[in-house]
Amino acid sequence: MEKELKNHILQGEYCANLFQYNRLLTREINIGGSLMGGYNPIRIQSMTTTDTMDTQATVAQTIRLVESGCDYVRITAPSLKEAENLGLIKKELRARGYNVPLIADIHFTPNAAEMAARLIEKVRVNPGNYADKKKFENLNYTASDYAAELERIYQKFSPLVKICKEYGTAMRIGTNHGSLSDRIMSHYGDTPRGMVESAMEFIRICEDLNFYNLCISMKASNTQVMVEAYRLLVKTMHNEGMNYPLHLGVTEAGDGEDGRIKSAVGIGTLLADGLGDTIRVSLTEDPEFEAPVAKALADRYESLSQNKIKTVAPSISNPFQYYSPYQFSRRVSQEVLNIGSKHVPVVVYPLHADSLVDPHVLAPAGYNYQSLLDKFNISDMACDYIYFGDQIPSFNCPGGLGQIYNYNTWKRLAVKKQCFPLMQISELHSADPAAFAQAYFVTGNEGDWESLDWSILNEFAILVVSTTYEPNVQWQRSFALNLMQQGINCPIIWQRSYEDVEDEALGIKAAADFGSLLTDGLGDGIWIGADNLKAKSKLTSLAFGILQATRLRISKTEYISCPSCGRTLFDLQETTQYIRSRTDHLKGIKIAIMGCIVNGPGEMADADYGYVGTGPGKITLYRGKTVVKKNVDSTFALDELIHIIQEDGNWIETT
Ligand code: SF4
69 MEKELKNHIL
79 QGEYCANLFQ
89 YNRLLTREIN
99 IGGSLMGGYN
109 PIRIQSMTTT
119 DTMDTQATVA
129 QTIRLVESGC
139 DYVRITAPSL
149 KEAENLGLIK
159 KELRARGYNV
169 PLIADIHFTP
179 NAAEMAARLI
189 EKVRVNPGNY
199 ADKKKFENLN
209 YTASDYAAEL
219 ERIYQKFSPL
229 VKICKEYGTA
239 MRIGTNHGSL
249 SDRIMSHYGD
259 TPRGMVESAM
269 EFIRICEDLN
279 FYNLCISMKA
289 SNTQVMVEAY
299 RLLVKTMHNE
309 GMNYPLHLGV
319 TEAGDGEDGR
329 IKSAVGIGTL
339 LADGLGDTIR
349 VSLTEDPEFE
359 APVAKALADR
369 YESLSQNKIK
379 TVAPSISNPF
389 QYYSPYQFSR
399 RVSQEVLNIG
409 SKHVPVVVYP
419 LHADSLVDPH
429 VLAPAGYNYQ
439 SLLDKFNISD
449 MACDYIYFGD
459 QIPSFNCPGG
469 LGQIYNYNTW
479 KRLAVKKQCF
489 PLMQISELHS
499 ADPAAFAQAY
509 FVTGNEGDWE
519 SLDWSILNEF
529 AILVVSTTYE
539 PNVQWQRSFA
549 LNLMQQGINC
559 PIIWQRSYED
569 VEDEALGIKA
579 AADFGSLLTD
589 GLGDGIWIGA
599 DNLKAKSKLT
609 SLAFGILQAT
619 RLRISKTEYI
629 SCPSCGRTLF
639 DLQETTQYIR
649 SRTDHLKGIK
659 IAIMGCIVNG
669 PGEMADADYG
679 YVGTGPGKIT
689 LYRGKTVVKK
699 NVDSTFALDE
709 LIHIIQEDGN
719 WIETT
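Going by my numbering, the sequence shown runs without a break in its numbering and finishes at 723.
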């Protein structure tokens, strides 16, 4: 198997194959008899939110998590007493017939980790805080200082490794972007490289002690950072002859549709790359809601690996000269209208209506017609273009809205201002030259592009590239890289239709499909089709949600809220909703809502403001990483937070 592992990984530098889906084969590890990695299914897990000292509540919630689809359940152990209680929780679960492997979540407390490792099946340690305290200090190290620090970490960490070895306990080395140690931050910066090195230091200690029952995670709230860190980790491990399984997750993803989209963009991008052996989707909701989302993501790729992929895309020689999987940069494209070049990716909304007489029909696209004023109110999430197909509206469309018509219908339009043709490749070769004198959209599926004479296209062409392939990313990636190789700079709008997908599953699938391309800087717009979708406005919120999750186009406030756990000091769901109700009009502002002061400040990542529980009924408020007000009574904390935002000139009054 070792030889097979090595051959498997070599083809894509960080994945099995850049141009054909293939799951990366990793080392198989044993978590209390449940095997993970290797050829095993992608395992699903979640985490309890109860007080770990409340044995009955934790047992009951663990059972609910198992019944929601979890293969493993993680429980926080902030101190020795909670770690000891994990033994009781396990005993009670076994007595009730539940053999689910339990994982202790450890931050800062080696003694709790060492206790838990004797009692339950797996321990998660955070290398950012296992042996280091975080003070947000910039430290200067000489090479010998740094070596001395590594020796100190070795001394602190090796007892746990030895216990895990002795008891057959598995371990996750779980790096979080937000909680890198001051030492790592000072040396490598707040970067994917720093995240990888943080884990590698601990992995090397494990290997030095001949302990290999490990999995690794690189979580971040920023999906680009998270994706880049996992890829860099795989490449780095491979260079050192390692192949540990990966636990995937996006931290502090938030709740509702935003949380699901963000998770699907980050996790789905990596799954589409063939990476990932276990998943946790972190939502600020009851944890029972997490496993179905994780399972929906995993099942899609599980069925691919079982059926053997038939999609074979042409490979590109030396693809990394055109893009980097480890550092975001956007494909260079020419500007056509407001598409391509430096413009944010556009959103195309496909309108299917019985008739186009009533202007209210544009509401799901973000244009709300006000009859009394006879004008459109344009929302922050209004699409840039509407595809009307062969229908022609009998009302005047809003001024800035682009209208796309099928070519033959476009030809019949009396007034063509803001109206653009969509041409099939077969129509291009005999098209009216007038069509080429302004922006035009050219569309095709996978095979269609092979018949295109590319020299026909001029500087006004915008490509609408569709695929039905599963997964989509390998073919679309090769399409974009092929254009780069040939020096063709037409903007690309990715298009995909989901006709047979339920509303809930649509968001998860589309976020993974489009997110995996946009995260790599490929594409200038998205066009999601779903004729059977009941709530049509969901298409626009989904498209803008995907762009927000990839941080390519910000159209709303971003909430970085932790999923809560046994440390949480207030009702996170209720508080998040309350904060959202008064701040969700602050486009572009990132607000972190964190349940505890122990991990909260470290995990807030790049939030602009932080609302962190410090004690019962007490909140500490942050501007970035700086404390602004300590221990504010929770009754007034939101008002105080708004006051800070106002002081910064970032507040907008609602009308
Ligand atoms: S930040 Fe939230 S999830 Fe993380 S340890 Fe604190 S309460 Fe738990």
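Beta carbons: idealized from backbone N, C-alpha and C, even for Gly.
Check your understanding: Is E358 closer than 7 Å to L351 when the C-beta atoms are compared?
Key -> yes
Check your understanding: Helix, strand or coil for N600 per DSSP?
Key -> DSSP places N600 in coil when its eight states are reduced to three.
Check your understanding: Are G717 and G246 touching if we call contact CB-CB under 7 Å?
Key -> no
Point to revise | The alpha helix (DSSP H) enclosing K149, as first and last residue numbers | key: 148-163
Exercise for review: Identify which residue in K693, R261, I657, V666 has its Cα closest to the Cα of N197.
Suggested key: If we check each option's Cα against that of N197, V666 comes out closest.
Exercise for review: Any chance you could list the alpha helix (DSSP H) runs of at least 4 consecutive residues sitting entirely within the stretch 218-265, in chain order?
Suggested key: 250-256
Review point. Which residues mark the beginning and the end of the alpha helix (DSSP H) in which L314 is found?
Key: Note, L314: premise wrong, no alpha helix (DSSP H); not H, not E.
Point to revise | Within the stretch 465-501, ranges of the beta strand (DSSP E) (whole runs, at least 3 residues) | key: 470-474, 487-492
Practice item. Compute every distance between the C-beta of E152 and the non-hydrogen atoms of the ligand SF4, then say whether any falls below 6 Å. Key: no
**Study point:** Contact belief for A185 with V191 at Cβ below 8 Å, rounded distance in angstroms
**Key:** 5 Å
Check your understanding: Any idea which residues DSSP pairs L103 with across the strands?
Key -> N98
Exercise for review: Would you kindly check if the distance between the Cβ of Y417 and the Cβ of A433 is under 7 Å?
Suggested key: yes
Practice item. Compute the minimum distance between the beta carbon of G322 and the heavy atoms of the ligand SF4, and state whether it is under 6 Å. Key: G322: no, Cβ never under 6 Å from the ligand SF4.
Point to revise | Closest Cα partner of V700 within the set A332, I687, N436 | key: I687
Check your understanding: Does the stretch 149-166 come close enough to the stretch 88-96 to have 3 or more Cβ pairs within less than 8 Å?
Key -> no
Point to revise | Closest Cα partner of T117 within the set R650, S632, Q645 | key: Distances from the CA of T117 to each of R650, S632, Q645 were compared; the closest alpha carbon is that of S632.
Check your understanding: Which of the three DSSP states, helix, strand or coil, is assigned to F582?
Key -> helix
Practice item. Decide if the stretch 263-275 is in contact with the stretch 292-309; the criterion is three or more beta carbon pairs, one per stretch, under 8 Å apart. Key: Yes, since at least three Cβ pairs between the stretch 263-275 and the stretch 292-309 fall closer than 8 Å, the two stretches touch.
Check your understanding: Can you list, in chain order, every residue whose CB sits closer than 5 Å to a heavy atom of the ligand SF4?
Key -> Result: C630, C633, R635, T636, M662, G663, C664, N667, G668.
Review point. Using CA coordinates, which residue listed in N600, F547, E572 is at the minimum distance from Y391?
Key: F547
Review point. For D139, does the count of other Cβ atoms within 10 angstroms reach 16, so buried, or fall short, so exposed?
Key: buried
**Study point:** Start and end residues, alpha helix (DSSP H) containing L520
**Key:** Element bounds for L520: n/a, residue is neither H nor E.
**Study point:** Same chain, Cβ closer than 6 Å to Q79, five either side skipped, listed in chain order
**Key:** Contacts found: N85.
Review point. Where DSSP assigns a beta bridge to Y198, which residues make up the other side?
Key: According to DSSP, Y198 bridges with nothing at all.
**Study point:** Whole-number beta carbon distance between P393 and R299, since they are thought to touch under 8 Å
**Key:** 5 Å
Exercise for review: Count the other C-beta atoms from every protein chain shown that fall within 10 angstroms of the C-beta of R142, then say buried if there are 16 or more, exposed otherwise.
Suggested key: buried
Exercise for review: Can you tell me the Cβ-Cβ gap for S623 and F612, rounded? I've got them flagged as a contact below 8 Å.
Suggested key: 5 Å
Point to revise | In DSSP terms, what R799 is bridged to | key: Absent from the structure is residue 799, since the part of the chain shown begins at 69 and ends at 723.
Review point. Going by the beta-carbon positions, is the gap between M263 and T243 smaller than 7 Å?
Key: Taking 7 Å as the Cβ cut-off, M263 and T243 qualify as a contacting pair.
Practice item. Rounded to whole angstroms, what's the CA-CA distance from S22 to V127? Just pull it up for me. Key: Only positions 69 to 723 of the chain appear in this structure, which leaves residue 22 out of reach.
Check your understanding: Who pairs with F357 in a beta bridge, going by DSSP?
Key -> Note: F357 sits in no beta bridge, so no partner.
Check your understanding: Any idea if H315 is buried or exposed, counting beta-carbon neighbours within 10 angstroms, 16 or more meaning buried?
Key -> buried
Review point. Can you tell which of Q645, M662, W719, V404 has its C-alpha closest to the C-alpha of K655?
Key: W719
**Study point:** beta strand (DSSP E) runs wholly inside the stretch 521-552, at least 3 long, in chain order
**Key:** 529-534
Exercise for review: Going by CA-CA distance only, name the one from Q714, D452, S462, A573 that's closest to Q471.
Suggested key: D452
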